[in-house]
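So the structure is just underneath, and the comments pick up after that.
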Amino acid sequence: PALSHVLALAEQELHIKANLSTITQPRSETVALEKLRPRWLTELRVLAYCFLGQGALQGALFHIPGGAEATCGAVASHLDYLEHRHLNLLLKHFLEPYVLHCPPRL
Numbered sequence: 001p002a003l004s005h006v007l008a009l010a011e012q013e014l015h016i017k018a019n020l021s022t023i024t025q026p027r028s029e030t031v032a033l034e035k036l037r038p039r040w041l042t043e044l045r046v047l048a049y050c051f052l053g054q055g056a057l058q059g060a061l062f063h064i065p066g067g068a069e070a071t072c073g074a075v076a077s078h079l080d081y082l083e084h085r086h087l088n089l090l091l092k093h094f095l096e097p098y099v100l101h102c103p104p105r106l
């Protein structure tokens with residue numbers, strides 16, 4: 001029920017509510033949310049790599065014209081800045097399925 005209400009809100013109203021919620025939240029809740037941010041970002045990264053890996057496993061990346069090249073370019077463009085622990089996730093969840101399921105024509 002709450003989600004359907006949020007989806008029905010106008011964009012400007014959502015922006016106002018988001019800004020007010022950070023102002024009206026008690027300090028302890030704001031601090032708790034700040035502590036959860038790194039964990040949320042890590043989960044988001046893992047899910048993004050898994051999503052790309054599933055696209056490779058199912059062949060979806062290879063059937064879109066230019067999809068495989070664009071995906072590799074986007075993923076590999078920031079490897080210089082990627083921490084080793086995140087590189088391991090990238091190799092395990094995306095690159096391995098991508099290489100193993102790549103059609104011979106590519």
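Under our numbering, read the sequence shown as residues 1 to 106, first letter to last. Yeah, the Cβ is synthetic: ideal placement off N, Cα and C, and Gly gets one too.
Taking C-beta separations shorter than 7 Å and ignoring five residues to either side along the sequence, the partners of G59 in its chain run H101, following chain order.
The alpha-carbon separation between L89 and Y49 amounts to approximately 7 Å. Between P97 and L41, the C-beta gap is not smaller than 8 Å, which leaves the two residues out of contact. For the 8 Å CB-CB criterion, T71 and L52 form a contact. If you compare the alpha carbons of E69, S77 and V46 with that of R105, the shortest gap goes to E69.
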